[in-house]
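Following: one structure in structure tokens, then a few remarks.
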Amino acid sequence: MIYHGARASDNVTSAPRRLGCCFTKEGTEMPTATVTPRKESAQPKALPAPNSDFYQLAETLDPEELALVKQVRAFLEAKVAPIINKYWAEDAFPFELLPALKELNIGGVGLTGYGCRGGSAKLFGYVAMELARVDPSFCTFWGVHNGLAMGSIYFDGSEEQKQKWLPPMARMEQIGCFGLTEPLVGSGSGGGLTTTAKREGDTWILNGQKKWIGNSPWCDLSVIWARDLGDNQVKGFIVENKTTPGFSVEKMEHKVALRVVQNGLITLTDCRVPEANRLQAGNSFRDTARVLRMTRYMVGWAATGCQMGAYENALSYAQRRLQFGKPIASFQMMQDLLAKMLANVTACQCLMLRLAQMADEDKQQDHHASLAKAFTTSRMRETVGWARELLGANGILLDYNVARFMADSEALYSYEGTLQMQNLIVGKAVTGFSAFV
Ligand SMILES: Cc1cc2nc3c(=O)[nH]c(=O)nc-3n(C[C@H](O)[C@H](O)[C@H](O)COP(=O)(O)OP(=O)(O)OC[C@H]3O[C@@H](n4cnc5c(N)ncnc54)[C@H](O)[C@@H]3O)c2cc1C
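Laid out in structure tokens, this is it:
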């Protein structure tokens, strides 16, 4: 099996183009495709390279931000793209990439101090978009660690806790996960967590299960959200996976989306955690929601990146795939699909850019992030579906780099709160009525 590119027998005119490109600010030349016109004597025609930055969003980055984004893209194209389909097929995480990823220094992008990379909310989002453009799983792994786990400690930890936990996490020496969802409680986790925390002196005893927890089968520490039996409020606890008795994880099998991300079912059986590991500023679900606001914002960017990857690969394929003696990109109905995909991508990019400005001005509220998550993930489902349609049968083969985006988009659509939950949050904000139950 080959995992990238087309076979010679597929009636595709040339090897697939490496999808670099489009940092037009510095005039980087984009790779071009060619197609030979029907007249034997004519020169091959240079075709525009796929570029999903149609409205030149990259121009809004400052030089330092642009440099990091370019580094991230280069890493993904050189190291991740060539091997990721293989890992996806094998339902395995590419640990071989971790040393190079650490060197990229993107731990703690968007967070200030404590050894974090720092930078704006826009940079945080842009990095997520770039990661998802090549691999939504890789973006999710990073988002769980950088956003959910580090974000929980950053927003809800005491100064001492931040000093202790964040620097090694920023260096990616310690990887984290975030345990909120349970086997019986997903959307309703705000009011219905069944995992309990009981205080005994300076120790908390946790009991319950957490399902779907990304990175948990192999990571170092888990932020576990549990209901305090004392005051019935949701509280966060840092659990050291490998050394805490009563903590166990079973890897979840048979996922058909984000197969590179390792999700786990965590079981807590009289799991004893010191008071020093309780997030000192996380005293109710409102404090959990503060983290989710940031990560839903991130998923909006990831959903945009996922569409960019599908669109660029679909366009590249359309330029090379011949039917009736012509590239399918020359057919009107194929151009209609491509224009609709690009419109979705561009709409999402512009929406996320404005939300980034609001986040950087500390104006983003829960309902703003929810609207973005709902809109971008809905557009993403359309876009990846159109990309898959454009490829015909090859659209369902991993080898052609569209099927993976299509499958992975289903997870992005549901995690961090479903479409219905996001729209209920928006609905409450605009009507003044809560319609959750
Ligand atoms: C790949 C993946 C990775 C994940 N990673 C993590 C992780 O790292 N940590 C973590 O804590 N969780 C994680 N999750 C869990 C995820 O956040 C939940 O799956 C999600 O919140 C939805 O919960 P649920 O699947 O239990 O669906 P349910 O809550 O059972 O919902 C089922 C359906 O009912 C609808 N629904 C529910 N309530 C209402 C209502 N009041 N009104 C209208 N419709 C309603 C929902 O919208 C949905 O369509 C992950 C999930 C996936 C798929």
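So for the sequence shown, our numbering puts the first residue at 97; every next one is plus one.
For each residue, glycine too, the CB sits at the ideal point set by N, CA and C.
Coarse secondary structure for Gln453, derived from DSSP in three states
Taken through DSSP and simplified to helix, strand or coil, Gln453 comes out as helix.
Asp231: buried (16+ other C-beta within 10 angstroms of its C-beta) or exposed?
The C-beta of Asp231 has 16 or more other C-beta atoms within 10 Å across all chains shown, which makes the residue buried.
Length of the line joining the Cα atoms of Met517 and Gly209:
As the crow flies, the alpha-carbon of Met517 is around 33 Å from that of Gly209.
Cutoff 8 Å; reference Thr400; Cβ partners in own chain excluding five residues on either side
So the qualifying residues of the chain are Met225, Ala228, Val441, Cys444, Gln445, Met448, Thr472, Met476.
Looking only at its chain, what residues have a beta carbon closer than 7 Å to the beta carbon of Pro279, apart from the 5 residues adjacent to it on each side?
If we look at Pro279 and ignore the five residues flanking it on each side, its Cβ neighbours are Gln305, Lys307.
Chain C beta carbons: is any one of them nearer than 8 Å to that of Ser312?
No chain C appears in the structure shown, which is made up of a single protein chain.
Sorted by chain position, which residues of the same chain lie with C-beta nearer than 7 Å to Glu512's C-beta, five sequence neighbours on each side aside?
Sequence-distant partners of Glu512 (beyond 5 residues in either direction) whose C-beta falls short of 7 Å from its own C-beta, in its chain, are Leu388, Thr391, Arg392, Val395, Lys469.
With DSSP collapsed to three states, give me the class of Trp300.
The three-state reading of DSSP puts Trp300 in strand, counting E and B together.
Could you tell me the boundaries of the beta strand (DSSP E) in which Leu388 lies?
In this chain, Leu388 is not harboured by any beta strand (DSSP E); it is covered by the alpha helix (DSSP H) spanning 381 to 416.
Just to check my reading of the structure: Phe274 and Ile309 have Cβ atoms closer than 8 Å, yes? What is that Cβ distance to the nearest angstrom?
That pair is a contact at about 7 Å.
For the beta strand (DSSP E) that Ile362 lies in, which residues bound it at each end?
359 to 370 is the span of the beta strand (DSSP E), which, as asked, contains Ile362.
Apart from the five residues on each side of it in sequence, which residues of its chain come closer than 6 Å, Cβ to Cβ, to Phe171?
Excluding positions up to five away in sequence, the list reads Leu200.
To the nearest whole angstrom, what separates the beta carbons of Leu434 and Leu411, a pair I think is in contact under 8 Å?
Distance from Leu434 to Leu411 at the Cβ level is roughly 6 Å; contact confirmed, criterion being Cβ atoms closer than 8 Å.
The segment 238 to 254 touching the segment 203 to 222, judged by at least three CB pairs closer than 8 Å:
At 8 Å Cβ cutoff, the stretches touch.
Test item: CB-CB of Glu346 and Gly360 under 8 Å:
Yes, the Cβ-Cβ distance between Glu346 and Gly360 is below 8 Å.
What is the DSSP secondary structure of Leu447, counted as helix, strand or coil?
Residue state, collapsed to three classes: helix.
Report all residues from its chain with a CB closer than 7 Å to the CB of Ile521; omit the five preceding and five following residues, and keep chain order.
The residues are Asp462, His463, Ser466.
Tell me, which residues are paired with Arg374 by DSSP?
DSSP, once it has assigned bridges, lists Phe333 as partnering Arg374.
For Phe343, the first and last residue of its enclosing beta strand (DSSP E)
Where Phe343 is concerned, the enclosing beta strand (DSSP E) stretches over 343 to 347.
Helix, strand or coil, according to DSSP, for Val356 in the structure here?
It is coil, neither helix nor strand.
Just to confirm, is the Cβ distance from Met502 to Ser148 under 8 Å?
Not closer than 8 Å, so no.
Can you give me the C-alpha to C-alpha distance between Ala483 and Ala499, rounded to a whole angstrom?
About 9 Å.
Leaving out the 5 sequence neighbours to the left and right, which residues in its chain are closer than 7 Å to Val176 when beta-carbon positions are compared?
The beta carbon of Val176 sits closer than 7 Å to the beta carbons of Leu193, Val230, Asp231, Phe234 from its chain, once the five residues preceding and following it are set aside; these are given in chain order.
If you pair each beta-carbon of the segment 320 to 327 with each one of the segment 289 to 304, do three or more pairs fall below 8 Å?
Yes, the segment 320 to 327 touches the segment 289 to 304.
I want to check one thing, is the minimum distance from the CB of Glu512 to the heavy atoms of ligand 1 below 7 Å?
Correct: Glu512 has its Cβ closer than 7 Å to ligand 1.
Using a threshold of 7 Å, is the CB atom of Ala507 nearer than that to any non-hydrogen atom of ligand 1?
Flag set: Cβ of Ala507 near ligand 1.
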